[in-house]
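Undergrad:
In our numbering, the protein residues as written are 4 to 334.
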């Protein structure tokens with residue numbers, strides 16, 4: 004089978020690898036069809052590392068994945084061959100304190116697609132636990148691949164206690180920010196986005212979201228602010244935008260040295276800060292949001308490429324143009 008293998012900084016090769024065997028008990032063999040390109044894929048390609056996660060051996064990219072059921076192991080029921088599925092890319096240990104208390108996204112032993120040394124899903128087949136494989140009826144595999152990044156937003160909405168009537172600000176109108184807006188809107192929030200890029204603000208407005216370039220109409224105005232840009236300027240704006248007693252949820256991952264909060268201001272205004280790392284127990288809810296919003300999904304699906312074209316696509320930095328790119332596997 005074909006796989007997109009990162010061999011080093013700026014060195015991505017499409018190579019032949021053996022197909023996985025028949026699935027063991029409790030597992031599903033998935034024929035991969037659609038994989039979204041995430042910023043982390045690009046960062047590993049460009050830098051060979053994200054923080055303390057360093058690529059030290061060849062690694063398959065891709066964690067935003069959907070496909071169809073190819074085969075199931077014993078004890079697995081309810082996954083008919085050919086059904087569209089979305090995969091939750093992190094497999095926790097299931098034994099530690101965090102797993103036992105439902106916060107398995109914080110499991111120190113989690114094996115997460117395309118996070119060194121674990122291979123990702125830009126390959127023709129993967130074996131995956133049925134427990135973290137979700138049916139996505141009524142969705143195409145391109146649409147179902149959005150369940151993974153949307154899950155981050157769904158989890159952030161829950162952590163930030165967003166509900167009916169909550170005034171929500173979102174800094175960063177990239178894929179994660181706009182998907183988080185759909186999650187907040189689904190929970191009943193009144194959502195406003197801000198981004199420095201006019202094209203991304205236009206994309207948000209295209210699907211009926213309120214969005215502004217550079218800054219919102221007013222500061223000290225939101226019950227909850229989701230910071231999705233991962234930039235120092237975005238973080239400063241997010242803290243200014245949240246009102247007294249509000250919640251500031253940090254989704255975007257930036258350089259640690261530049262991502263500074265004003266601790267005195269947080270204390271004086273009683274602001275709660277929530278770090279958002281991946282997600283737990285939310286992917287079915289994300290799939291349901293996609294099913295209810297299919298008419299708004301084309302803005303994420305305008306660019307699709309075949310697996311063989313991926314090395315040139317990354318080398319030529321074509322990923323900077325669209326809101327989202329989906330890699331089709333196989334060609």
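Each residue gets a CB set at the ideal place from its N, CA and C atoms; glycine is no exception. These numbers were taken from a predicted model, which means no experiment stands behind them.
Under three-state DSSP, which class holds residue 217?
TA: Reading the chain shown from its first residue, position 214 is the one you call residue 217. Residue 217: coil per DSSP, three-state reduction.
Undergrad: Buried or exposed: residue 12, going by 16 or more other Cβ atoms within 10 Å of its Cβ?
TA: Taking the chain shown and counting its residues from 1, the one referred to as residue 12 is at position 9. It is exposed - the Cβ of residue 12 has fewer than 16 other Cβ atoms within 10 Å.
Undergrad: For residue 218, collect the residues of the same chain with a Cβ closer than 8 Å to its Cβ; drop the 5 residues on either side in sequence, then sort them by chain order.
TA: As a first step, residue 218 must be located in the chain shown, where it is residue number 215. Hits under 8 Å: 197 and 240.
Undergrad: Which two residues bound the contiguous alpha helix (DSSP H) that contains residue 201?
TA: Within the chain shown, residue 201 is the residue found at index 198, counting from 1. Here the alpha helix (DSSP H) through residue 201 covers 201–209.
Undergrad: For residue 56, which three-state DSSP category applies?
TA: Position 53 of the chain shown, counting from 1, holds the residue named residue 56. Three-state result, residue 56: strand.
Undergrad: Can you look up residue 86 in the DSSP assignment and give me helix, strand or coil?
TA: To locate residue 86, count along the chain shown from 1; it is residue 83. Coil, per DSSP.
Undergrad: Tell me whether the segment 107–121 and the segment 64–73 touch, counting them as touching only if at least three CB pairs, one residue from each stretch, are closer than 8 Å.
TA: Judged by Cβ distances under 8 Å, the segment 107–121 makes contact with the segment 64–73, as three or more pairs qualify.
Undergrad: Of the choices 99, 152, 6 and 31, whose alpha-carbon is the least far from that of residue 86?
TA: Indexing the chain shown from 1 puts residue 86 at position 83. Ranking the options by Cα distance to residue 86, first place goes to 31.
Undergrad: Would DSSP call residue 321 helix, strand or coil?
TA: In the chain shown, the residue the question calls residue 321 occupies position 318. Correct three-state label for residue 321: helix.
Undergrad: Return the bridge partner residues of residue 121 from the DSSP annotation.
TA: The residue labelled residue 121 in the question sits at position 118 within the chain shown. Answer is 118, bridged to residue 121.
Undergrad: Use the C-beta contact count for residue 54: other C-beta atoms within 10 angstroms, 16 or more gives buried, fewer gives exposed.
TA: The residue you call residue 54 lines up with position 51 of the chain shown. Under this definition residue 54 is an exposed residue.
Undergrad: On a CA-only basis, which of 224, 154, 121 and 93 is nearest residue 134? Give me that one, please.
TA: For the purposes of this step, residue 134 is identified with residue 131 of the chain shown, where counting begins at 1. Nearest option by C-alpha distance: 93.
Undergrad: Please name the residue, chosen from 199, 207, 274 and 144, that lies closest to residue 290 on a Cα-to-Cα basis.
TA: As a first step, residue 290 is located in the chain shown; it is residue number 287 there, counting from the start. Of the listed residues, the one whose Cα sits closest to residue 290 is 144.
Undergrad: Can you find the residues in the same chain that come closer than 7 Å, C-beta to C-beta, to residue 132, ignoring five residues on each side of it along the sequence?
TA: What you label residue 132 is simply residue 129 of the chain shown in a count that begins at 1. Answer for residue 132: 29, 30 and 94, listed in chain order.
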